[in-house]
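Enquirer: Before I ask anything, here is the structure I am working with.
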Amino acid sequence: NLLVPITGADGNILAEIKANGNILGTVTSSFYTKTGTVRETSAKKLYASRNITVTPQNQPTTAVDIRLYLTSAEYNALRTSTNSQGNLSGVNTIGDVVILKNTDACGSALVNNPITITPQYAESFGSNYVLQGSITSFSTFYLGSPNSGILPLQLLTFKGSLQENNVALMRWTITNEIRTSHFVVERSIDGNNFTSIGIVNATGDGDAKSSYSFTDLNAGSQPVSIIYYRLKIFDKRGEYFNSKTISIVLNKSINVLLFPNPVKQILNITLAGSGTNSVMIQIMDLTGRIIHSEKNISTQNSMISIDVKYWRPQVCILKVTNSRNEVIATRKFEKI
Numbered sequence: 005n006l007l008v009p010i011t012g013a014d015g016n017i018l019a020e021i022k023a024n025g026n027i028l029g030t031v032t033s034s035f036y037t038k039t040g041t042v043r044e045t046s047a048k049k050l051y052a053s054r055n056i057t058v059t060p061q062n063q064p065t066t067a068v069d070i071r072l073y074l075t076s077a078e079y080n081a082l083r084t085s086t087n088s089q090g091n092l093s094g095v096n097t098i099g100d101v102v103i104l105k106n107t108d109a110c111g112s113a114l115v116n117n118p119i120t121i122t123p124q125y126a127e128s129f130g131s132n133y134v135l136q137g138s139i140t141s142f143s144t145f146y147l148g149s150p151n152s153g154i155l156p157l158q159l160l161t162f163k164g165s166l167q168e169n170n171v172a173l174m175r176w177t178i179t180n181e182i183r184t185s186h187f188v189v190e191r192s193i194d195g196n197n198f199t200s201i202g203i204v205n206a207t208g209d210g211d212a213k214s215s216y217s218f219t220d221l222n223a224g225s226q227p228v229s230i231i232y233y234r235l236k237i238f239d240k241r242g243e244y245f246n247s248k249t250i251s252i253v254l255n256k257s258i259n260v261l262l263f264p265n266p267v268k269q270i271l272n273i274t275l276a277g278s279g280t281n282s283v284m285i286q287i288m289d290l291t292g293r294i295i296h297s298e299k300n301i302s303t304q305n306s307m308i309s310i311d312v313k314y315w316r317p318q319v320c321i322l323k324v325t326n327s328r329n330e331v332i333a334t335r336k337f338e339k340i
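Below, the structure is given as structure tokens:
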């Protein structure tokens, strides 16, 4: 269950495999490296200049791990190159690179339509990069942009915008929509780990442009201020590619107003925010001693009245914290 390296003629590691308990027997490998520019599929999608074919004596019966290495030169070429139509690959970070797997023999070009394996992680390795994926069989592997498959569909635009009440709206436009099945909308709070939040069925056909949209009503309840989205686009054969990742900045601000100030008898506090989360308020003296607190207060146009007539005259601090105990607002007032 150790990572076993596969090296090239120069001794550099090209890949590593972890059997995870499977008895693979003797494992052989071959690789191809193209000099010059990166390659493109028949659908004009770019993929890296090197591929590797791994052939075990016994195919695994359960999932195994594979690590593929990408030099900085190969990554930069994939990131900056344009295809024969002048379009960039869509790779902006190493996290945009995906693993492509198909049944090709080791050769100079991607021929059979690949499946896309989203890496479990993709990160720097010294001055180069490493990507790890989980697979159930060995064959030929390529590294490419999120839409390097041979699916004819083209994603023209994918944009997101923030609506009222921290609702996120995604819109995208498709052309050449042949045999497209559906779109899975995925959300992430860290830009790396994505979960499905909805499915939109494809309705277009042929070369005409089709427009789609999806509304995330739960964006405002996420525990972050920036949310990431992407599309997983499926055709009717179950093949898919991932779109680029977009981000939407939420409005996590809250307006806090207290009156009168100074206050003698009744202190009124109003809370107005665009999210649907609840908050906690605490009133403290200047030594930090808590005089009054209330939990689970809605941020949507709430007003609280507190009887302070028996409090001693002093300067007080109102502190508002969210569900993660982060201070999101403070106000000072005087009790007279």
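The numbering of the sequence shown is the working numbering, which starts it at 5 and goes up by one. The C-beta atom is built at its ideal place from N, Cα and C for all residues, glycine as well. This one's a predicted model, so the numbers in the text were calculated from it and none came from an experiment.
1. Quick one: what does DSSP say Asn170 is sitting in, helix, strand or coil?
2. For Tyr146, is the classification buried or exposed, using 16 other Cβ atoms within 10 angstroms of its Cβ as the cut-off for buried?
3. Are the stretch 75-95 and the stretch 281-295 touching, with three or more C-beta to C-beta distances below 8 angstroms?
4. Mind pulling the beta strand (DSSP E) runs of 3 or more residues that sit fully within the stretch 183-252?
5. Could you tell me which of Asn169, Ile182, Ser165, Arg183 sits nearest to Trp176, measuring between CA atoms?
6. To the nearest angstrom, how far is the alpha carbon of Val42 from that of Cys110?
7. Beta-carbon separation of Leu228 and Val324 under 8 angstroms?
8. Quick check on this structure: which residue in Ser306, Gly130, Lys49 has the alpha carbon closest to the alpha carbon of Thr274?
9. Is it right to say Pro317 is buried, meaning 16 or more other beta carbons lie within 10 angstroms of its own, or is it exposed?
10. Kindly provide the ranges of any alpha helix (DSSP H) runs that are 4 or more residues long and lie completely inside the stretch 66-145, ordered along the chain.
11. Note down, in chain order, each residue of its chain lying with its Cβ closer than 7 angstroms to the Cβ of Leu92, except the 5 sequence neighbours on either side.
12. Please name the residue, chosen from Asn5, Ile250, Glu181, that lies closest to Arg234 on a Cα-to-Cα basis.
13. For the candidate residues Phe263, Gly137, Asn222, Gly224, whose alpha-carbon lies nearest to that of Ala23?
14. Are the stretch 8-17 and the stretch 97-108 touching by the rule of at least three beta carbon pairs closer than 8 angstroms?
15. Give the C-beta separation of Ala126 and Leu82 to the nearest angstrom, bearing in mind that I take them to be a contact with Cβ-Cβ under 8 angstroms.
16. Would you tell me roughly how many angstroms separate the C-alpha atoms of Ser196 and Ile295, rounded to the nearest one?
17. Strictly by DSSP, which residues pair up with Lys268?
18. On the criterion of 16 or more Cβ atoms from any shown chain inside 10 Å, does Ile231 qualify as buried, or is it exposed?
19. Do you know how far the Cα of Gln226 is from the Cα of Ser192?
20. Taking 8 angstroms as the cut-off, decide whether the C-beta atoms of Thr334 and Ile321 are in contact.
21. So for Val42, helix, strand or coil by DSSP?
Expert: The answer reads as follows:
1. DSSP, read as helix, strand or coil, puts Asn170 in helix.
2. Under this definition Tyr146 is a buried residue.
3. At 8 angstroms Cβ cutoff, the stretches do not touch.
4. Entirely contained in the stretch 183-252, the beta strand (DSSP E) runs reaching 3 residues are, in chain order, 184-192, 199-205, 214-220, 230-239, 244-246.
5. Nearest option by C-alpha distance: Ser165.
6. If you take the alpha carbons of Val42 and Cys110, they lie about 17 angstroms apart.
7. In the sequence as displayed, the identity of residue 228 is Val instead of Leu. It is not a contact, given that the beta carbons lie outside the stated cut-off.
8. Nearest in C-alpha terms to Thr274, of all of Ser306, Gly130, Lys49, is Ser306.
9. Pro317 is exposed by the Cβ-count criterion.
10. 76-84, all fully within the stretch 66-145.
11. Spatial neighbours of Leu92 in its own chain (CB-CB distance under 7 angstroms, excluding positions within 5 residues in sequence) are listed in chain order as Thr86.
12. Closest by alpha carbon: Ile250.
13. The option with the nearest alpha carbon to Ala23 is Gly137.
14. Taking 8 angstroms as the limit for Cβ pairs, the verdict is that the stretch 97-108 does not touch the stretch 8-17.
15. Cβ-Cβ separation between Ala126 and Leu82: approximately 12 angstroms, too far for a contact (criterion under 8 angstroms).
16. One detail in the question is off: residue 196 reads as Asn in this sequence, not Ser. Between Asn196 and Ile295, the C-alpha separation is close to 43 angstroms.
17. The bridge partners DSSP lists for Lys268 come to none.
18. Counting Cβ neighbours within 10 Å, Ile231 comes out buried, since at least 16 surround it.
19. The alpha-carbon atoms of Ser192 and Gln226 are separated by roughly 10 angstroms.
20. Against a cut-off of 8 angstroms, the Cβ pair of Ile321 and Thr334 comes out as a contact.
21. Reduced to three states, the DSSP call for Val42 is coil.
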